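Chains as they are written, first to last, in the numbering used here: chain A, 23 to 220; chain B, 387 to 554; chain C, 19 to 218.
Heads up, the thing below is written out as structure tokens.
Below, the structure written as structure tokens:
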């Protein structure tokens, strides 16, 4: 089997776009079902009352990671053809910090902004307008920060390459971290629920 | 059960697993992850093209020949439709502003606008947002994506100290 | 503490642990190890008997002139080559294979004659590349059809198009009278699209 399909040109670019729509619909549907279109639920992650964001994100990451690992190990998918941007350490870390602040202030991240907007949340609409302005600001200042944008580049940024361990070992380690994370999340939630009930 | 207080929403582990399968499908079909903020920058790139504005960054961001053939734009339109359908079936479509009790309607909207602005800027700087960089890149085990994800949580936990009031 | 966890989470953790151990055991093993992979006779026959994908000089010139594609144009003429097609990269068969570019890249190969190009062509095919073409007739065909074509050889309806190509690549169309004269070519600067990651 030649996967990923589009890079192997098994499917046409038109069909690929059709799947883009389907994948988007499924993604939006599930995000909304999980409650991720609601700023109060999202912000619960940071007030430590509702850790849905963490649980959903980590379960998704672990699912994909395991899926890709086994498909690749059995020769069903060629991971080299999956596009993934290289690492640029400092821009990415700084971007993460700013995005985190924006997340806590807005109550949405960019993806969930779309979800919130689709369900009629006016604050999500405001956040969406903010996203557009923010992108425009970046475009406007790009000339000044271009050097910074391309700085601290790391091309081979896979866990197994950076830490010099086997692919399977890194999968194993991430699974262990996820399990510990899930248990911790349940403990934090049950504690916060206990305190609000008193 | 952990979800007693949110009976209308599905179990987060189930949601995460399903979301993972969708993302996996995206990797296996399109050979790329799911994103969100990229749709905005690519739309900007195509509008700039239309208006004959040239910009180094937007030129860099042009991945497709037209707006309608941009994978991520179509995908984000899908997210909108999917979220709408889900909320429709669950009877959750409602024009409302989600906010804490202690904050006025207009300051909540202003806050969301500022937050969005910061995120829009940051997502471009980090080459992706929570979906495109943290989720998709994280699943590909890219160290930069994990550093980004960790930074999001650090940034948000610092910021929440200052904005906690507006959410209570 | 564990007993307080919900049943769903317990199931999730159990599945994760088993998959985690399985991945640890598999480790870094790959389904196809390039050093141990082998082709059977029938697979080899299959590769060799499939018609070779070629591109004519005119098609290649059209393709390059558009300057809107990402491709790898590989020059295998070796050290003492004179003229190189614009945007080509000079390589030996070995040095190109060592680049290990992704298998879905477009590759055009040319050499003085077709032989070296054909060698690299097959080496790429068995490695899974599927967008490889060799320049039909090698560099001589390029010279004869693009750089200094004979006017008499070009069909009348093609003349305008061919003139454009020849001018673009810095050559000139010859008449029967100045047939033997060798012309010097103007160097051309061509742009090639950079490969991009799909934006997220």
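For each residue, glycine too, the CB sits at the ideal point set by N, CA and C.
Bear in mind the structure is a predicted one, so any value in this text is a computation, not a measurement.
Short of 6 Å from the beta carbon of residue 128/A, and not among the five residues preceding or following it, lie these beta carbons of its own chain, in chain order: 149. Using beta-carbon distances, residue 52/C does not count as an interface residue toward chain A, since no partner is under 7 Å.
Between residue 461/B and chain A, the shortest Cβ-Cβ separation is below 7 Å. Within 9 Å of the CB of residue 103/C, no CB atom of chain A is found; the nearest one sits about 25 Å away.
The alpha-carbon separation between residue 489/B and residue 67/A amounts to approximately 20 Å. The region 509-524 of chain B makes contact with the region 75-94 of chain A, as at least three CB pairs between them are under 8 Å. Residue environment analysis places residue 160/C among the buried positions, since at least 16 neighbouring C-beta atoms fall within 10 angstroms of its C-beta. Of the candidates 70/A, 120/A and 57/A, the residue whose Cα lies closest to the Cα of residue 507/B is 120/A. Residue-level contact by beta carbon holds for residue 30/C and chain B, with a gap shorter than 7 Å. DSSP places residue 108/C outside any alpha helix (DSSP H); the residue lies instead in the beta strand (DSSP E), whose first and last residues are 106-108. For the pair of segments examined, the region 165-184 of chain A was found not to touch the region 459-472 of chain B: the number of CB pairs separated by less than 8 Å stays below three. Taking the CA atoms as reference points, residue 190/C sits about 35 Å from residue 115/C.
Assignment of beta strand (DSSP E) within the region 31-94 of chain C, counting only whole runs of 3 or more residues, yields 90-93 in chain order. With respect to residue 417/B, residue 104/A sits close: the two C-beta atoms are nearer than 7 Å. In the three-state reduction of the DSSP assignment, residue 109/A falls in the strand class, which pools E and B. When C-beta distances to chain A are compared with 8 Å, the residues of the region 113-124 of chain C below that value are 120, 121 and 122, in chain order. Ranked by Cα distance from residue 485/B, the first of 475/B, 498/B and 442/B is 498/B.
If you check the CB distance, residue 402/B and residue 50/A do not come in under 7 Å.
By the criterion of at least three beta-carbon pairs nearer than 8 Å, the region 38-49 of chain C is in contact with the region 193-200 of chain A. Of the residues 188/A, 29/A and 36/A, the one whose Cα lies closest to the Cα of residue 451/B is 36/A. Using a 10 angstroms sphere on the CB of residue 161/A, the tally of other CB atoms reaches 16 or more, which defines it as buried. At a cut-off of 7 Å, the C-beta of residue 113/A has no neighbouring C-beta in chain C. Neighbours of residue 85/C in chain B, taken as residues whose beta carbon is under 9 Å from its own, are absent, since the nearest beta carbon is some 14 Å off. Residue 148/C has its alpha-carbon roughly 16 Å from the corresponding atom of residue 62/C. The C-alpha of residue 197/A is placed about 23 Å away from the C-alpha of residue 52/A. Taking a contact to require three or more Cβ pairs closer than 8 Å, the region 527-534 of chain B and the region 137-151 of chain A do not qualify as touching. Using a CB distance cut-off of 7 Å, residue 41/C counts as an interface residue toward chain A.
Per DSSP, residue 171/A lies in no beta strand (DSSP E); the unbroken alpha helix (DSSP H) holding it starts and ends at 144-171. Looking only at 32/A, 209/A, 139/A and 159/A, the smallest Cα-Cα distance to residue 430/B is reached by 159/A.
Annotation: residue 47/C to residue 163/C spans about 50 Å, alpha carbon to alpha carbon.
Among the CB atoms of chain C, one or more fall inside 7 Å of the CB of residue 103/A. Counting of Cβ neighbours within 10 angstroms places residue 206/A among the exposed residues, the total staying below 16. Taking the C-beta atoms as reference points, residue 68/C is found no nearer than 7 Å to residue 91/C. Contact of residue 543/B with chain C is not assigned, every C-beta pair being separated by 7 Å or more. Contact annotation, residue 133/C with residue 89/C: C-beta distance approximately 22 Å; criterion of less than 8 Å not satisfied. Taking a C-beta distance under 7 Å as the contact criterion, residue 151/C and residue 209/C do not qualify as a contact pair.
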